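Residues are numbered in this note's numbering as their position in the sequence shown, beginning at 1, plus a constant of 61. Shown next, in structure tokens, is the structure this report addresses.
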Amino acid sequence: MILGMFLPMLFLALGAQAQPSVYFFGPSGAELVQKCRSVKILENDDKNKWSMINLQACGSYIEGVVDTISAVKIKHPTDVFFCVPEKATEEQFARVIVKYGDDHPEKLHLSAVVFVVNALSSAFPCNGEK
Numbered sequence: 062m063i064l065g066m067f068l069p070m071l072f073l074a075l076g077a078q079a080q081p082s083v084y085f086f087g088p089s090g091a092e093l094v095q096k097c098r099s100v101k102i103l104e105n106d107d108k109n110k111w112s113m114i115n116l117q118a119c120g121s122y123i124e125g126v127v128d129t130i131s132a133v134k135i136k137h138p139t140d141v142f143f144c145v146p147e148k149a150t151e152e153q154f155a156r157v158i159v160k161y162g163d164d165h166p167e168k169l170h171l172s173a174v175v176f177v178v179n180a181l182s183s184a185f186p187c188n189g190e191k
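Put into structure tokens, the structure is as follows:
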């Protein structure tokens, strides 16, 4: 009974602060950009093992975000964040992430998933929006 009276007062006292937080468990934007920079190292024909592993991690992470957003679009077709061209490549994704990180260092602290959505929305807007 006391708890039933206390909870509504607590929510009233907290107001808008009672909204749940969102937690992401992946890397930060800065960590992803660092891995994606391997595309530039490999461009210089320095095909060392760690550069290849970093680029693969970068591409796989981005493709996971793209596939997840694409799956969400099936259920919610109006929730479109970006429109990736059909023939986009892993290398192109890596370059987009690196460029976005270079152009927006103030966003490197964001979770990598949020960072990727922002970068791809900027690089691949839908219907020619920019």
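We put the beta carbon where it would ideally sit given N, CA and C, even for glycine. All values reported here derive from a predicted model rather than from experimental measurement.
Taking every protein chain shown into account, the CB of Ala180 has 16 or more other CB atoms within 10 angstroms, so this residue is buried. Beta bridge pairing from DSSP links Ser89 with Ser172.
Contact between Ala173 and Gly120 does not hold, since their C-beta atoms are separated by about 13 Å, which reaches or exceeds 8 Å.
Residue Glu151 holds the alpha-carbon nearest to the alpha-carbon of Gly125 among Lys136, Asp140, Glu151, His170. Note on the stretch 95-162: whole alpha helix (DSSP H) runs with a minimum of 4 residues are 99-104, 110-136, in chain order.
Here Asn115 is buried. Its C-beta has 16 or more other C-beta atoms within 10 Å.
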